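Visitor:
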Amino acid sequence: MEKQVVLGAAWLLRDGDGVKAWSVTCPHLGCSIDHLGTGGFNCPCHDSSFDPQGRRVAGPSPRDMDTLETRVDDGVVLVDFRRFRQGTAEKAPVG
Amino acid sequence: MAFRVGAWLEERTGWRSSLRAWVESPVVGGAPWAAGMAAAVATCVGILALTGITLMTAYGASPQAAWASVHFVQFVQPRGWIVRGLHYWAAQALLVLALVHVIHGALVGVYRKPREVAWWATLAVFGLVVGEAITGGLLPWDERGWWSRVVEGNIIGLAPGIGGWLQQMMAGGSELGALGLARAYAMHVAALPFLILALLALRRSVVRRHGWVDASTAVAVDRRRQLARNALVAVAVIVVVFALTGNTHGAPLEAPADPMGDYPARPEWFLMTLYELRKLFHGVGEFLGTTLLPGLAGAYLALLPWFDGPRRPRSLVVGAPIALMVLGALGLAGVAMRKDAHDEVFSRQRAKAELRASAAAKLAMGGVPPEGALAMVRADPELRGRDLFDQHCASCHVLGDLGDPKKATASKLDGWGTAKWIAAMVHDPDAPEFFGRGPYQGQMPSVDTRPKDKPEGEKWTPIVKSDADRAAVAAFLASQGDEPGEPPSAPDDAARERGEKIVSDQCTSCHLYKGDGDLEGNDDAPELAHYGSIAWTRAQVANPSTAETYRDKALDPERKKHMPRFDKDLSAADVDLVARWVRAHGRGQSLP
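Protein sequences, first through last, are from chains E and R. 1005 is the number of the first residue of the first sequence in this note's numbering; add one for each residue after it. 229 is the number of the first residue of the second sequence in this note's numbering; add one for each residue after it.
1. Please state whether DSSP places R:Pro484 in a helix, a strand or coil.
2. Flag this pair as touching only if the stretch 770–780 of chain R and the stretch 743–755 of chain R have three or more C-beta atom pairs under 8 Å; answer yes or no.
3. Between E:Phe1054, E:Trp1015, E:Ala1013, E:His1050, which has its C-alpha nearest E:Gly1044's C-alpha?
4. Going along chain R, which residues have a C-beta under 9 Å from E:Arg1087?
5. Name, please, each residue of chain E whose Cβ falls closer than 8 Å to the Cβ of R:Phe574.
6. Excluding sequence positions up to five away, which residues of its chain have a Cβ less than 8 Å from the Cβ of E:Thr1074?
7. Determine the closest residue to R:Asp720 out of R:Gly816, R:Ala581, R:Ser707, R:Phe574, with distance taken between C-alpha atoms.
8. Within this structure, are the beta carbons of R:Gln292 and R:Pro598 separated by less than 8 Å?
9. Residues of chain R with CB under 8 Å from E:Asp1068, in chain order?
10. Please confirm if E:Ala1013 has its CB atom under 8 Å from at least one CB of chain R.
11. Please report how far the alpha carbon of R:Val605 lies from the alpha carbon of R:His739, in whole angstroms.
12. Return the first residue and the last residue of the alpha helix (DSSP H) that R:Leu630 is part of.
13. List, from N- to C-terminal side, the alpha helix (DSSP H) runs of 4 residues or more that fit wholly inside the stretch 584–660 of chain R.
14. What would DSSP say about R:Gly745, mapped onto helix, strand or coil?
15. Compare the beta carbon distance of R:Gly489 and E:Ser1036 with 8 Å and say whether it is the shorter of the two.
16. Is there at least one Cβ from chain R nearer than 8 Å to E:Gln1057's Cβ?
17. Along chain E, in chain order, which residues have C-beta atoms closer than 9 Å to that of R:Trp375?
18. Using 10 angstroms around the beta-carbon of R:Asp370, count the other beta-carbons present and answer buried if the total reaches 16, otherwise exposed.
19. Check whether the Cβ atoms of R:Leu367 and R:Ala294 sit closer than 8 Å, and answer yes or no.
20. List the DSSP bridge partners of E:Gly1022.
21. Throw me the rounded Cβ distance for the R:Pro533 and R:Arg340 pair, which I believe falls under 8 Å.
22. State the DSSP-derived secondary structure class of R:Asp733, mapped to helix, strand or coil.
23. Let me check understanding here. Comparing Cα to Cα, which of R:Thr282, R:Leu819, R:Leu276, R:Ala659 lies closest to R:Ala319?
24. Buried or exposed: where does R:His477 fall if 16 or more other Cβ atoms within 10 Å of its Cβ makes it buried?
25. Measuring CA to CA, which of R:Lys640, R:Glu610, R:Pro609 is closest to R:Ala622?
26. Is there a Cβ of chain R sitting closer than 8 Å to that of E:Val1009, yes or no?
27. Short of 6 Å in beta carbon distance, which residues of its chain neighbour R:Thr736, apart from the five on each side in sequence? Order them along the chain.
28. Near R:Gly385, which residues of its chain fall below 6 Å by C-beta distance, leaving aside the five closest residues on each side in sequence?
29. Where do the N-terminal and C-terminal ends of the beta strand (DSSP E) with E:Thr1092 fall, by residue?
30. I'd like to know if the stretch 445–460 of chain R and the stretch 332–352 of chain R are in contact, where contact means that at least 3 CB-CB pairs between them fall below 8 Å.
31. Should R:His510 be flagged as near chain E, meaning a C-beta pair shorter than 8 Å?
32. At 4 residues or longer, and completely inside the stretch 496–544 of chain R: list those alpha helix (DSSP H) runs for me, N to C.
33. Please state the DSSP three-state secondary structure of R:Thr774.
34. Please report whether the beta-carbon of E:Val1076 lies at a distance below 8 Å from any beta-carbon of chain R.
35. I think R:Arg811 touches R:Ile762, with their Cβ atoms under 8 Å apart; what is that distance to the nearest whole Å?
36. Could you compute how far the alpha carbon of R:Leu552 sits from the alpha carbon of R:Glu572?
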């Protein structure tokens, strides 16, 4: 298996003993979602905004931020990185 | 000699007589300024073809090579920036001129029977020219090109039926990568130009057959007059394109495309209208609004021959809709640009992108490694150090343009570790740029100012007796941060020794100096030995709560907004890097 390949980026949030993860890719048209100092998220392209739990608050995004599966293994966070189709209400994996 | 060669060729090809016959034939219809428009468009196309082929001799169409090769043309190759600038600006000019050409054609009614096919060819060529602009924008593989194409690809992906397939074909996979770049390149330099030429040939054959206007009613103009006018137009276009190139020194090149980055993507200027239009529609309406509306506009233009009839008022069926479209498009684009100009977050992100662009361009002057420009940028300590500071430190500290001075709760780090910074800090530790808004507020006394709780008349001894002593303390503490190979911060031995004596006599009731001191057992004030050195800074970033820096109580939960330890979140290499970066930039330097 090839190692040290950059697949994508995710936002991580400590959640008790575990970790929650969301893909940074905006479900609308694929720009990178920023984390705001106030705790929520915002996409700079078309101004979709999300609450601190990644739920859609305003803007054109058709669904909440895409959650990713995580596992904590001996203090290391493992994220199962996936891509999803943009612009659809349904979270459909691609690739 | 030249004459004899000409005559030899004339005998065999008849070139001279055919040319003369063409020049001497009159231009029927004489719509001279419209013909001038065509000449302007043709001049742009000519510049684009010549500079395009020249650029192809230096370009590498792979994610590893593309940015580096464009950087080479722009910044290294002699006069390369002129070639690239001409290509870029001729493309912008072509979009404007072609649009004006199409609108003018619609207004004067060039689409009328029997020239419908020529009109459709004109519209199709315009669409393909936009396609050239979009595929060309991706080729530098920089932030702007890559992110605009990602968003455009996703918009295409929304189209019902073939959308998803088309998107994957264009991107070359589930993410825009090497195949997508190669495909865009093939489209840009071969497929689209070939289609454009084929359509122009079709258009020409229709015009040959019917002329541009009805020969029975039109006046004939001397072709030589028109050629002279065309030459004038061509020269004007060339002058303008050269002026724009000189003005911007070529064409913009942003930092290498980083799919992990947080680039604030915006479409090319000619798509700004659609960008703003998109914002008016959400959900299912989004597709309708942003694909159907432009599609309807296109269909309307294509069907103009049937909308326009002898018994209908032209101003109503042609003039008004076109005026509405042009004003609407300009208005929406204006609104979009105005919003961005007033958006503080966007301007900050733009400033960051521009800084990255110039840093990457500078870095690449030393050569781009075979792994590509993105690997070069990622490995650069200066850019990475800045990113780390921005992500982990700038929510409390200010340094240079990073951090928000209004929200900062920790020391401002510009000048940190220098004698000047220390002299100001020991004079007024509770100033807002030092401890004034943080957890150490009120903990450190000024060395030379009477505390507020000790009114005049009450016994109070300043820690330093004179400005010279304060300067000596600052010089000595600054010298603690000196690293081998750097010029000493306190070259005056006498002052430094005086400073050391004051510090070890006066400051160690709270501070440690070389592990000694802290007579009152406060465990609050930091170790001063090596203060400001790489080792001290690194220790502080890794974990403030060690005997090397801020000691046992640094992470006390009672101490609200205290500096966190980073050795759990960052690798040892990143802790070291951010420490070196902070120390260098505090001193107004950058990393070697």
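Heads up, the beta-carbon is just placed ideally off N, CA and C, and yes, glycines get one too. Predicted model, so just to flag it, every value in this text is computed and none were measured.
Guide: Reading it off the structure:
1. Translated into the one-based positions of the second sequence, residue 484 of chain R becomes position 256. Residue state, collapsed to three classes: strand.
2. yes
3. The residue you call residue 1044 of chain E lines up with position 40 of the first sequence. Among E:Phe1054, E:Trp1015, E:Ala1013, E:His1050, the Cα nearest to that of E:Gly1044 belongs to E:Phe1054.
4. By 1-based counting over the first sequence, the position of residue 1087 of chain E is 83. Neighbours of E:Arg1087 on chain R, chain order: Ser402, Glu403.
5. Reading the second sequence from its first residue, position 346 is the one you call residue 574 of chain R. Under the 8 Å cutoff, chain E gives Pro1048.
6. Within the first sequence, the letter at position 70 stands for residue 1074 of chain E. Leu1016, Gly1022, Val1023, Lys1024, Ala1025, Val1081, Leu1082, Val1083, Asp1084.
7. The residue given as residue 720 of chain R occupies position 492 in the second sequence. R:Asp720 has its Cα closest to that of R:Ser707, out of R:Gly816, R:Ala581, R:Ser707, R:Phe574.
8. As a first step, residue 292 of chain R must be located in the second sequence, where it is residue number 64. As a first step, residue 598 of chain R must be located in the second sequence, where it is residue number 370. Yes, the Cβ-Cβ distance between R:Gln292 and R:Pro598 is below 8 Å.
9. Within the first sequence, the letter at position 64 stands for residue 1068 of chain E. Chain R residues near E:Asp1068: none, gap ~14 Å exceeds 8 Å.
10. The residue you call residue 1013 of chain E lines up with position 9 of the first sequence. Yes - at least one Cβ of chain R is within 8 Å of the one on E:Ala1013.
11. The count along the second sequence starts at 1 and reaches residue 605 of chain R at position 377. The count along the second sequence starts at 1 and reaches residue 739 of chain R at position 511. The straight-line gap from Cα to Cα measures roughly 41 Å.
12. Taking the second sequence and counting its residues from 1, one reaches residue 630 of chain R at position 402. That residue, R:Leu630, is in no alpha helix (DSSP H); it is neither H nor E in DSSP.
13. Within the stretch 584–660 of chain R, complete alpha helix (DSSP H) segments of at least 4 residues are found at 601–607, 609–620, 647–655, given in chain order.
14. To locate residue 745 of chain R, count along the second sequence from 1; it is residue 517. Shown here, R:Gly745 sits in a strand according to DSSP, grouped into three states.
15. The sequence position of residue 489 of chain R within the second sequence is 261, counting from 1. The sequence position of residue 1036 of chain E within the first sequence is 32, counting from 1. Yes. Within cutoff.
16. Here residue 1057 of chain E refers to the residue found at position 53 of the first sequence. For E:Gln1057, the answer is no, since every Cβ of chain R falls outside 8 Å of its Cβ.
17. Position 147 of the second sequence, counted from the first residue, corresponds to residue 375 of chain R. Those within 9 Å of R:Trp375 in chain E are Gly1034, Cys1035, Ser1036, Cys1049.
18. For the purposes of this step, residue 370 of chain R is identified with residue 142 of the second sequence, where counting begins at 1. It is buried - the Cβ of R:Asp370 has at least 16 other Cβ atoms within 10 Å.
19. For the purposes of this step, residue 367 of chain R is taken as the residue at position 139 of the second sequence. For the purposes of this step, residue 294 of chain R is taken as the residue at position 66 of the second sequence. The answer is yes: Cβ separation under 8 Å.
20. Counting from one through the first sequence, the residue named residue 1022 of chain E turns up at place 18. Paired residue(s): E:Asp1019.
21. As a first step, residue 533 of chain R is located in the second sequence; it is residue number 305 there, counting from the start. As a first step, residue 340 of chain R is located in the second sequence; it is residue number 112 there, counting from the start. Correct: roughly 6 Å between the Cβ atoms.
22. Reading the second sequence from its first residue, position 505 is the one you call residue 733 of chain R. If DSSP states are grouped into helix, strand and coil, R:Asp733 belongs with the helices.
23. For the purposes of this step, residue 319 of chain R is taken as residue 91 along the second sequence, with counting starting at 1. Closest by alpha carbon: R:Leu276.
24. In the second sequence, residue 477 of chain R corresponds to position 249, counting from 1. Exposed, since its Cβ has fewer than 16 Cβ neighbours within 10 Å.
25. Against the second sequence, residue 622 of chain R aligns to sequence position 394. With distances taken between Cα atoms, R:Ala622 lies closest to R:Lys640.
26. Position 5 of the first sequence, counting from 1, holds the residue named residue 1009 of chain E. Not an interface residue.
27. Locating residue 736 of chain R in the second sequence gives position 508, counting from the first residue. Gly745, listed in sequence order.
28. Mapped onto the second sequence, residue 385 of chain R falls at position 157. Gly391, Gly392, Gln395, listed in sequence order.
29. Position 88 of the first sequence, counted from the first residue, corresponds to residue 1092 of chain E. First-last for E:Thr1092: undefined, no H or E at that position.
30. no
31. Taking the first residue of the second sequence as position 1, residue 510 of chain R is located at position 282. Chain E contact via Cβ: present.
32. 500–507, 512–515, 521–530, 532–535
33. On the second sequence, residue 774 of chain R is found 546 positions in, with the first residue counted as 1. Residue state, collapsed to three classes: coil.
34. Residue 1076 of chain E sits at position 72 when you count from the first residue of the first sequence. At least 8 Å separates the CB of E:Val1076 from every CB of chain R.
35. In the second sequence, the residue the question calls residue 811 of chain R occupies position 583. In the second sequence, the residue the question calls residue 762 of chain R occupies position 534. With a Cβ gap of about 6 Å, R:Arg811 and R:Ile762 count as contacting.
36. As a first step, residue 552 of chain R is located in the second sequence; it is residue number 324 there, counting from the start. As a first step, residue 572 of chain R is located in the second sequence; it is residue number 344 there, counting from the start. Looking at the two C-alpha atoms, the distance is approximately 32 Å.
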